[in-house]
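Using full-length UniProt numbering, the first residue of the sequence shown is number 1, and each one after it goes up by one.
Think of the CB as a built atom: it goes at the ideal place given N, C-alpha and C, for glycine as much as any other residue.
Down below is the structure, laid out as structure tokens.
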Amino acid sequence: MAQKFWDVTTILSLSVCILLVGEGQTLLTCFCDVINGTPPSGCNTSTHMCSDADLCGLELVLNAHGLTKKWSCLVRDPPPNNDLVVNLFCNSPPTATSVYQCCNYSFCNKDLPSTALDVPTGQTFTVATPLSESSEKANNNGIFAIFAAVPIIALVATAVALIFCYVYKHPKRSLAPNTSLDMDHMVALPYSLDSIPEGMTCTSGSGSGLPFLIQRTVARNIRLGDPIGTGRYGQVFVGHYQGETVAVKKFASRDEQSWVRETEIYSIVLLRHENILGYIASDMVSNSGVTELWLITQYHSNGSLYDYLSYNQIDCACMVQLMLSICNGLTHLHTELFGTQGKPAIAHRDMKSRNILVKANLTCCIADFGLAVMKVRQKNTMNLPTNPKQGTRRYMSPEILNDSINTLSFESFKQVDIYAVGLVMWEICRRTSSSTGQCEEYELPFQGMVPPDPTLDDMRTVVVDEKKQPPIPNRWTSDELLASMVELMRECWYPNPLARPTALYLKKKLLRLAMEDNKRSYA
């Protein structure tokens, strides 16, 4: 019965929100909360009101302390994100412990009807309010809930009677002996991320995340931990979901395009690969009235390749393993797969050590697809992101720096990825100890040649005008394996992008180097 009441309340809320989308011209006066002594923007601390809202909102939350009402003033973001508030709050479906309602006239959120929540039997809860309310008001709310429930009970009783009559007059045919149902197999089991076998985390088995409804369930039941990194578009947090650890990447609403792009890329059928970061879910979440866009992925405690190399020295076998896994993942991205659903070819466009994560088994997986470009085979075109940002300047190839890149050719973007992979290879080799046990301190590419945050002009001067490349220490050329890596990275740095190797070539070359290194180890 409570679910029926939820449905009616949700339909009414959605109807009001749909009407409000077309209006939004008159500013409203609404009641608002003062949380922890700090008022939200526009909320008067003495009157608990705001006078510049587009919509008024009321949220009912059932927690360990009781049933709490939270009043809010909703203000639309400027275009093109002006519908984010309506979509996030007014159109948000209720959960077992919370519901959000919207209305479109001044002071309307003080008198919105309360919605029944599943309160445990025998418990009494008090409702915190921004203004003192009389007991008469509370009684009126209770009477309203009773009168609202009566017609619903009558409708349900009528429906049950009709179903009973239909079943009585149309009895089912008896099942064949071999088709009897075992009810033990119909018991719902508790859900967790680990309860779904590898390769079956989506209904398609593609690895493109969980079904949408489960995504919303996961996102709204995650307990956030400490921040573990800060990037161009926001922070990354450790999250905990039913005893499992995940990574939560938070985007601000101004970076919605990057969030949408990453979600679009991760949702591609057949993208799943051991060297591509595992995607779990995406959702929009409200945090103290601020819209946050969440991207939930697998968590890797070693952090990024940049972090790992900064604090760890590696041996030659680990060097080959790291590079081989990177090229393996990049080969999968660059390759178009054909079939009933298939996978488009994808170019990353922002390959760097900070966008590569190190897994527990010391292999890598590629992450951060906010700037990725896809090749649409049916139309022989490219699906370029609307995001104007073009990657990290330190890792930009010569053709990007001098504006000679052919943006109409998908191969051009793959060649840009290869140039950046050569720089990542150089970073890994610096932290690789040779037979003498020596290795260099970690450095970013072109460190010491350009400022810590170089401009396009700084990079253009060094890479295009002066034709400089990261320095190669003498010890690399005296070690057989490191010398082979030097040859590969120099091929990746060719000024002519057409002369650069493909990701598949690098993968095969590294496989051969790994086999040769194993032979030397057992010799």
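Inter-residue spacing [alpha-carbon to alpha-carbon] between residue i and residue j
i    : j    : result
A503 : E491 : 12 Å
G278 : R272 : 7 Å
R223 : L337 : 37 Å
Y494 : M459 : 16 Å
T203 : M382 : Residue confidence for T203 is low, a pLDDT of 36 falling below 50, so the modelled location carries little weight; the figure read from the coordinates is stated next. Approximately 28 Å, taken between the alpha carbons.
M49  : D33  : 8 Å
V99  : P93  : 7 Å
L399 : P385 : In the sequence as displayed, the identity of residue 399 is Glu instead of Leu. Their Cα atoms are separated by approximately 20 Å.
V160 : Y266 : 44 Å
N496 : L324 : 24 Å
S72  : S286 : 12 Å
M485 : S288 : 51 Å
A247 : P151 : 46 Å
L293 : Q235 : 11 Å
I268 : A149 : 45 Å
K70  : T26  : 23 Å
C43  : L498 : 60 Å
N68  : V86  : It is worth fixing the name first, because residue 68 is Thr in this sequence and not Asn. Their backbone Cα atoms lie some 22 Å apart in a straight line.
S301 : C103 : 45 Å
T392 : N474 : 29 Å
Y442 : C365 : 20 Å
Backbone secondary structure at residue i - three-state DSSP
i    : result
Q235 : strand
N355 : helix
E516 : helix
P197 : Residue placement at P197 is flagged as unreliable, the pLDDT there being 39, under the threshold of 50; a coordinate-derived value is accordingly withheld.
W493 : coil
I268 : coil
L504 : helix
E59  : strand
R223 : strand
H334 : helix
E244 : strand
I228 : strand
T455 : coil
K509 : helix
L390 : In the sequence as displayed, the identity of residue 390 is Gln instead of Leu. If DSSP states are grouped into helix, strand and coil, Q390 belongs with coil.
V150 : helix
Q438 : coil
M396 : coil
S288 : coil
T363 : coil
F107 : coil
V450 : strand
E23  : Caution is warranted here: a pLDDT of 43 is assigned to E23, below 50, making its placement in the model unreliable, and no coordinate value can be reported.
Distance CB(residue i)-CB(residue j) smaller than 9 Å
i           : j    : result
D54         : L88  : no
L58         : N109 : yes
P445        : W426 : yes
H348        : L371 : yes
V463        : L305 : no
V421        : M351 : yes
residue 531 : N275 : For the chain, the structure presents residues 1 to 523; residue 531 sits outside this window and is missing.
A345        : F251 : no
L295        : E244 : no
F107        : C56  : yes
L482        : T432 : yes
I418        : L309 : no
C429        : Q313 : no
S478        : S521 : no
H240        : G229 : no
M284        : L84  : yes
T297        : A219 : no
D77         : T291 : yes
Among the options, nearest to residue i - alpha-carbon criterion
i    : options                   : result
L513 : Y279, C318 and W426       : C318
H65  : N44, T291 and T97         : T97
N518 : D315, H332, P470 and V373 : D315
L511 : L456, Q321, I163 and W71  : Q321
M449 : Y442, Q438 and Q469       : Q469
D457 : G303, T363, P78 and R394  : R394
C30  : V61, V75 and S353         : V75
V358 : D307, E443, R500 and E256 : D307
N328 : D465, T363 and T407       : T363
E480 : T436, T340, T455 and P227 : T436
E264 : A157, D453 and F369       : F369
A281 : E256, K249 and N380       : K249
Y299 : S253, I356, R254 and L62  : I356
I472 : D465, L488 and T461       : L488
Near the ligand ATP: residue i beta-carbon under 8 Å from a heavy atom
i   : result
C50 : Questions concerning the ligand ATP fall outside what the structure shown contains, since it holds no ligand whatsoever.
Contact belief for residue i with residue j at Cβ below 8 Å, rounded distance in angstroms
i    : j    : result
L270 : K343 : 4 Å
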